[in-house]
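Following full-length UniProt numbering, the numbering of the sequence shown begins with 1 at its first residue and continues without gaps.
Report on one structure; see the data block that follows.
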Amino acid sequence: MLHLVGVLKNLLKFSNAETLKKVVLPIFYDVDPSQVRNPIGYFDESLTRRFGAQRTEKWKTALTKVANLSGWDSRNVVYGHESELIESIIKRVLQEVSQTSLDVACYPVGIDSSIKDLIELLFKSGCQDDVRMIGIYGIGGIGKTTLAKAFYNQICRHFGSSCFLSNVRSEAGTFNGLVKLQEKLLHQILKTKDFEVNDVAEGVSLIKARLGSMKVLIVLDDVDHISQLESLIRERNWFGSGSLIIVTTRDKHLLCGLTTKEKFKAKLLYDNEAMQLFSCRAFNSFFPPHEYVGLSQEIIKYSGGLPLALVTLGSHLRGRSVEEWRHEFVKLRAIPHSDIQKILKISFDGLDYDTQSVFLDIACAFHGFFEDEVTKILNACGFHSESAIATLVQKHLLHRAWHRLVMHDLVRAMGREIVRMESPRDPGKRSRLVIPQEVCYVLRGNKGSKKVQVLKVDRWTLKGVNLSTMAFKKMKNLRVLIIDKLHISGDFELLSKELRWLSWQNCPLKYIPSNFPAKNLVVIDMRKSDIQEFGLNLQCCKSLKRLDLSDCKSLKRTPNFNGLQSLEFLLLNGCSSLRKIHPSIGNLCRLRLLNLRGCKKLMDPPSSICQLKSLGWLDISGCSYIKTLPVDFGVMPGLRTLSALETDIKQWHRKLVNITGLENLPSIERINMLNCTSLQNPFKEGFFSAPALAFPSREYPHLGIEIYLQSNEIPDWCSNQVTASSISFTMPTHNKEYQFLGMIVWCVRELVKVPSSGPWQGFGFSISGEMFSGVFSRYDNVIPAEHMELSCVLHRSYLDTPFEGAIKGGEKMELFELSKYITVKKIGIHLLYLDQQGKVTSLPALVDHSHSQINRSQDLNEVSLEQESRDGRSILKMIRASFPINPLSLYLSVSVYLLFLMIVLHYVAL
Numbered sequence: 001m002l003h004l005v006g007v008l009k010n011l012l013k014f015s016n017a018e019t020l021k022k023v024v025l026p027i028f029y030d031v032d033p034s035q036v037r038n039p040i041g042y043f044d045e046s047l048t049r050r051f052g053a054q055r056t057e058k059w060k061t062a063l064t065k066v067a068n069l070s071g072w073d074s075r076n077v078v079y080g081h082e083s084e085l086i087e088s089i090i091k092r093v094l095q096e097v098s099q100t101s102l103d104v105a106c107y108p109v110g111i112d113s114s115i116k117d118l119i120e121l122l123f124k125s126g127c128q129d130d131v132r133m134i135g136i137y138g139i140g141g142i143g144k145t146t147l148a149k150a151f152y153n154q155i156c157r158h159f160g161s162s163c164f165l166s167n168v169r170s171e172a173g174t175f176n177g178l179v180k181l182q183e184k185l186l187h188q189i190l191k192t193k194d195f196e197v198n199d200v201a202e203g204v205s206l207i208k209a210r211l212g213s214m215k216v217l218i219v220l221d222d223v224d225h226i227s228q229l230e231s232l233i234r235e236r237n238w239f240g241s242g243s244l245i246i247v248t249t250r251d252k253h254l255l256c257g258l259t260t261k262e263k264f265k266a267k268l269l270y271d272n273e274a275m276q277l278f279s280c281r282a283f284n285s286f287f288p289p290h291e292y293v294g295l296s297q298e299i300i301k302y303s304g305g306l307p308l309a310l311v312t313l314g315s316h317l318r319g320r321s322v323e324e325w326r327h328e329f330v331k332l333r334a335i336p337h338s339d340i341q342k343i344l345k346i347s348f349d350g351l352d353y354d355t356q357s358v359f360l361d362i363a364c365a366f367h368g369f370f371e372d373e374v375t376k377i378l379n380a381c382g383f384h385s386e387s388a389i390a391t392l393v394q395k396h397l398l399h400r401a402w403h404r405l406v407m408h409d410l411v412r413a414m415g416r417e418i419v420r421m422e423s424p425r426d427p428g429k430r431s432r433l434v435i436p437q438e439v440c441y442v443l444r445g446n447k448g449s450k451k452v453q454v455l456k457v458d459r460w461t462l463k464g465v466n467l468s469t470m471a472f473k474k475m476k477n478l479r480v481l482i483i484d485k486l487h488i489s490g491d492f493e494l495l496s497k498e499l500r501w502l503s504w505q506n507c508p509l510k511y512i513p514s515n516f517p518a519k520n521l522v523v524i525d526m527r528k529s530d531i532q533e534f535g536l537n538l539q540c541c542k543s544l545k546r547l548d549l550s551d552c553k554s555l556k557r558t559p560n561f562n563g564l565q566s567l568e569f570l571l572l573n574g575c576s577s578l579r580k581i582h583p584s585i586g587n588l589c590r591l592r593l594l595n596l597r598g599c600k601k602l603m604d605p606p607s608s609i610c611q612l613k614s615l616g617w618l619d620i621s622g623c624s625y626i627k628t629l630p631v632d633f634g635v636m637p638g639l640r641t642l643s644a645l646e647t648d649i650k651q652w653h654r655k656l657v658n659i660t661g662l663e664n665l666p667s668i669e670r671i672n673m674l675n676c677t678s679l680q681n682p683f684k685e686g687f688f689s690a691p692a693l694a695f696p697s698r699e700y701p702h703l704g705i706e707i708y709l710q711s712n713e714i715p716d717w718c719s720n721q722v723t724a725s726s727i728s729f730t731m732p733t734h735n736k737e738y739q740f741l742g743m744i745v746w747c748v749r750e751l752v753k754v755p756s757s758g759p760w761q762g763f764g765f766s767i768s769g770e771m772f773s774g775v776f777s778r779y780d781n782v783i784p785a786e787h788m789e790l791s792c793v794l795h796r797s798y799l800d801t802p803f804e805g806a807i808k809g810g811e812k813m814e815l816f817e818l819s820k821y822i823t824v825k826k827i828g829i830h831l832l833y834l835d836q837q838g839k840v841t842s843l844p845a846l847v848d849h850s851h852s853q854i855n856r857s858q859d860l861n862e863v864s865l866e867q868e869s870r871d872g873r874s875i876l877k878m879i880r881a882s883f884p885i886n887p888l889s890l891y892l893s894v895s896v897y898l899l900f901l902m903i904v905l906h907y908v909a910l
């Protein structure tokens, strides 16, 4: 019995082997594992009488645990030969003790911090008893495999068995590749090769049956197709409790089944890490010799923090002289290193033709352009650009930065190298021409061909050279032409009729000839040109969506717009000689933006402008000859932004300020009438009624209305007024017969222009002492002078963050200016409600006139910071609500958002 007690004590230790990081291999010698798993009868009763129920229960639990582990049953050995059993045990034990670590990298620079981040992510991803998954994604060559190997080495001892499947993409591409991968997974996990897998379905069944009770660590490296995941790790319940599955991929979309906390984006190296890794490869030290420092820094910048490039180039340049480094680097800029090209091109090769074409267009011509503009151009070229761009982003060949499309420099170089290899010796036979010397060679020698689709001329390479249109005659399939500052003469009918995008900024021509092939053009960009008359017949331009003639100082009148049924953007700003707009502008039924800013000689716009039902943004600022707006200006239902600074408008027509006329302007968001010194205060109470009703149906219901006027008075209808820098009041109470719609804040301010990186400005709200938030504006973007006094009118919807639809009545509110650069002289409050008859009305607030007029901008640190730190997340939520991202307001929102975010994080840290 004492011997048995010793065995049971050791068994108890073995059952805790998971905690002790030990591997347990049970042997059931002439005993049924089920009897060990559930000990009953005399054995159970004897132990209980002798050692007590508590101790016996621990031993029984230990027996159950061990019996559930994978091991050997001597009764199942062939013919009962014990030698077979012993040989099997020895083989398995040798496999366990001989497990070696994976080779990671000679110089694992930057790995430790990424492993730390992965461990933190692992703790956040779920309970340790769950089957957890981690997806590591990123561009090719960023070090996903290296990171996965290092992480595998660090944690594999914590699992009963483990498997690292390398090069899944290439392995799966071979004959019967998925089956071989399934076999490899089973062999490594089960430590045996005694069986074969005949097909994928059988492999799935074996994985589920054999691994379902095992705590395993599995790494699938370089996955590029969903079939690989479905064949190997489709369901978490295929594996035992506590298992961990790691997947590395270039395609983030393959990880869509994982939660945000289960995805890890591999990071590029910081400059100091990049210098260390490159120097280790090039010089076998952590820093380059003095004479190589400058060149090393240039190469590191060229590499963009990509480990693959740093290792490859460091090894390539090792042992060479400074002069050789210079020659090699010049070559690298023209022709990327083949090892780098080969790895990066893997992602490109996996794309369909349509997506490959979009990638090459962006790499060669549209890098850094706005996504919306690129999408329109490429769609016009017959591509499905939205889908292609989404795919490129998922595969990390492209990323978005503030609505622009950008690439890693080496990825962009990879794309250009693909184009170069289409015809290494004859540039005229390539699909895209962008390298200045090659473009010059082709155009001057008339060596183009029908293969050329995209041509970009560097504005300085051919400066002063007058080319003939004959240079473009052979390029019959040219669809993108960028020829800024280029002098061209001849028969323009020779140009490609497939042109979709023409950029000819600083065009020296006095007029555009009528035979210019513009039938398929989507964009015409002729900014800063010498054009006096736009002679092109636009009736044939049925695809044109953007016409940019801004800063054409000699342009005196616009063309006839009839036939431009697709035009969305018309930019005439800075055309200082423009006097007249053709009345046909009213026929542009899809026009969304009209920019006339700075057209100093432009007379009053034609009345037909009021027919622009889709117009959302109109800028007539600086048009000092404009004195009146058309009579029917108030019937433009899509108008969101009107900028009319420094005009000579004396009055608004009644329809713009009359409540009945305003019912057709539900979308207005921003009006700027500063420096209109002839204008009297035009905004009556009814102006705000229609927008108040329309807020829930708007695309951005939180944006509100902003109006800026050259005025120092608040109208009488805004009844709740104080001559103070802040206002305190109590919301009216009612018996649910009124619905709160929003609040008009009318204030007279003395503003000082501050840098765009300066403090944020706007109103703070305190509601019932429970919440702090704000209505933010960058006034320096709207005031033309360094210092001025103006009226600022803000209409905030009940959906806005300060209210969030929760105003019931009786709440005490306080409004105060947040910026020390602004002096508030007067404040007025007007509350809008909807009565039971569906009419907009106003209810009076109870204003606290005894409220102390403290300087709230100075008191902000004391009053608001406590509440900010108490709930920083609610403030961030408010910021997002105050600044929805859209192309027309991005310039205003970005600087405020970033600045406020830094302030919040700083205060929360304190």
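Even glycine gets a Cβ: it sits at the ideal position worked out from N, Cα and C.
Here the structure is a predicted model, which means the values were calculated and not measured.
Asked: Opening and closing residue of the alpha helix (DSSP H) in which Phe159 lies; Found: Element bounds for Phe159: n/a, residue is neither H nor E.
Asked: Where Ser357 sits in the DSSP three-state scheme; Found: helix
Asked: Integer-rounded CB distance, given that Leu378 should sit under 8 Å from Ser387; Found: Rounded, the Cβ-Cβ distance is 11 Å, inconsistent with contact.
Asked: CB contact flag (Ile418, Gly141, <8 Å); Found: no
Asked: Counted within 10 angstroms of its Cβ, other Cβ atoms place Phe123 as buried (16 or more) or exposed; Found: exposed
Asked: Inside the region 114–193 only - alpha helix (DSSP H) runs reaching at least 4 residues; Found: 144–155, 168–172, 177–190
Asked: Cβ neighbours of Asn675 in the same chain (closer than 7 Å, five flanking residues each side left out); Found: Leu645, Glu646, Gln710, Pro784
Asked: Coarse secondary structure for Asn237, derived from DSSP in three states; Found: helix
Asked: Val322 versus Leu310: straight-line alpha-carbon distance, rounded; Found: 17 Å
Asked: Rounded separation between Leu181 and Asn68 - CA only; Found: 27 Å
Asked: Three-state secondary structure (DSSP) of Pro606; Found: coil
Asked: Leu572 and Thr558 closer than 8 Å at C-beta; Found: yes
Asked: Between the CA atoms of Pro424 and Asp365 - distance to the nearest angstrom; Found: Position check: residue 365 holds Ala in this sequence, whereas Asp was assumed. Approximately 19 Å between the Cα atoms of the pair.
Asked: Cβ neighbour criterion (16 or more within 10 Å) applied to Tyr708; Found: buried
Asked: Beta carbon of Val745 nearer than 8 Å to that of Ile807; Found: no
Asked: Assigned exposure category for Ala209 - 16 Cβ within 10 Å defines buried; Found: exposed
Asked: Where Gly448 sits in the DSSP three-state scheme; Found: coil
Asked: Cross-strand partners of Glu533 (DSSP beta bridge); Found: Tyr511
Asked: Supposed close pair Ile134, Ile246 - CB separation, criterion 8 Å; Found: 5 Å
Asked: Neighbour-count burial assignment, Gly173, 16 or more Cβ in a 10 Å radius; Found: exposed
Asked: Cβ-Cβ distance between Arg432 and Leu317 below 8 Å; Found: no
Asked: Buried or exposed by the 16-neighbour rule on C-beta atoms within 10 Å, applied to Ala471; Found: buried
Asked: Buried versus exposed, by CB contacts within 10 Å (16 or more), Gly661; Found: Only weak support exists for where Gly661 lies, its pLDDT of 38 falling under 50; the coordinates are left without a value.
Asked: Nearest residue (CA-CA) to Leu254, options Lys267, Ser243, Val393; Found: Val393
Asked: Contact set for Ser468: own chain, Cβ-Cβ below 6 Å, skip 5 residues either direction; Found: Gly490
Asked: Backbone CA spacing between Leu268 and Met275 [nearest angstrom]; Found: 13 Å
Asked: Cβ shell of Lys627 (< 7 Å), same chain only, five flanking positions each side left out; Found: Asp604, Asp648, Ile649, Lys650
Asked: Cβ-based burial, Asp835 [other Cβ within 10 Å; buried from 16]; Found: exposed
Asked: Unbroken alpha helix (DSSP H) run spanning Gly203, endpoints; Found: 200–211
Asked: C-alpha gap between Val197 and Thr355, whole angstroms; Found: 37 Å
Asked: Leu405 - partner residues in DSSP beta bridges; Found: Arg400
Asked: Buried/exposed call for Gly428, threshold 16 Cβ in 10 Å; Found: buried
Asked: Val442, DSSP secondary structure in three states; Found: helix
Asked: Identity of the residues DSSP links to Val216 by a beta bridge; Found: Ser161
Asked: Among Pro508, Cys256, Lys613, Gly212, the one whose alpha carbon lies nearest that of Leu242; Found: Residue identity check: residue 242 is Gly in the sequence provided, not Leu. Per the Cα distances, Gly212.
Asked: C-beta atoms of Leu332 and Leu410 nearer than 8 Å; Found: no
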